[in-house]
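Student: Numbering (UniProt numbering), first residue to last: 1 to 275. Glycine residues also receive a C-beta, built at the ideal position from the N, C-alpha and C atoms. No experiment lies behind these values; they were computed from the predicted model shown.
(1) For my contact list, residue 53 and residue 103 are in at a C-beta cut-off of 8 Å; report their separation, rounded to the angstrom.
(2) Alpha carbon to alpha carbon, how far is residue 264 from residue 276? Give it in angstroms, no decimals.
(3) Taking the continuous alpha helix (DSSP H) assigned at residue 116, which residues delimit it?
(4) Does the structure place the region 94-108 close enough to the region 142-153 that three or more beta carbon pairs sit under 8 Å?
(5) Within the continuous beta strand (DSSP E) that includes residue 200, where are the two ends?
(6) Assign residue 142 to one of two classes, buried (16 or more other C-beta atoms within 10 Å of its C-beta) or exposed (fewer than that).
(7) Please confirm whether residue 199 and residue 209 have their CB atoms less than 9 Å apart.
(8) Which residue comes first and which comes last in the beta strand (DSSP E) that contains residue 139?
(9) Taking DSSP as the reference, what is the three-state secondary structure of residue 150?
(10) Only counting the same chain, and skipping five residues up and downstream in sequence, which positions put a Cβ closer than 6 Å to that of residue 164?
(11) Which runs of the beta strand (DSSP E) spanning at least 3 residues fall entirely within the region 205-246, listed in chain order?
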């Protein structure tokens with residue numbers, strides 16, 4: 001059991017279904033799974049701006065047409081934004097250069113096909129919800145909320161055409177009768193912190209009743225889980241980023257996917273006391 005506090009930090013109008021975030025120097029970069037914009041919220045000025053990720057970027061895209069951007073990670077001076085891979089439309093990687101503001105798009109269909117073959121996952125069960133980069137390896141976090149509950153981590157050396165893939169299956173704790181499944185993960189020093197949610201569905205496409213969310217930490221080398229802590233009974237937390245850390249505590253910002261068309265996002269501050 002970890003001592004923690006969870007408090008509402010920001011309410012941001014004009015973003016719905018937030019799915020990932022990265023905090024950099026008083027700016028909060030946010031993606032939404034039903035939008036094809038990258039949002040930047042300036043915390044000091046309380047101002048929101050947005051950047052088109054695609055030529056015809058839209059907000060509140062219908063479920064069957066959305067690109068389902070679920071993962072955002074900082075690598076070098078670029079933000080990498082990945083689709084979940086759960087349908088052919090969702091097999092894109094977008095990069096945003098923080099210095100030049102340049103946006104580039106890449107098709108990841110061959111990479112995602114390789115992931116499915118490596119883990120013996122069917123087309124409709126692949127569901128990448130988080131990404132990190134550590135020691136020249138990408139870690140892609142598979143949300144096992146399909147019928148076969150394949151929670152796990154793909155270790156992949158490249159998102160280009162030549163790549164080698166491993167899949168490490170991870171057993172996560174249950175809330176009530178449902179196993180939690182990854183919704184995001186980040187690297188802090190040599191530890192992986194992750195969010196997971198129990199959702200009463202066996203579909204990567206259709207939403208279900210939310211039974212609660214947890215945060216956990218694992219060893220980045222062995223992927224052994226070091227602790228988990230339930231942080232909510234009814235929130236579906238999907239985005240995680242480091243906010244501050246001291247010798248005694250670590251603070252994260254997390255976002256909630258409310259699975260509605262309402263263009264409003266709540267950002268929470270989660271504080272954990274260090275062991």
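Tutor: From the atom records:
(1) So it is a contact: roughly 6 Å between Cβ atoms.
(2) Here the chain covers residues 1 to 275 and nothing more, so residue 276 does not appear.
(3) Taken as a continuous stretch (DSSP letters only), the alpha helix (DSSP H) holding residue 116 covers 109-119.
(4) Proximity of the region 142-153 to the region 94-108 falls short of the contact definition, fewer than three beta-carbon pairs being nearer than 8 Å.
(5) From DSSP, the beta strand (DSSP E) with residue 200 extends over 191-200.
(6) Classification for residue 142: buried.
(7) Yes, these two residues count as a Cβ contact at 9 Å.
(8) Residues 137-142.
(9) Here residue 150 sits in coil by DSSP.
(10) These residues qualify, in order along the chain: 157.
(11) Within the region 205-246, the complete beta strand (DSSP E) segments at least 3 residues long are 209-219, 225-232 and 237-245, listed from N- to C-terminus.
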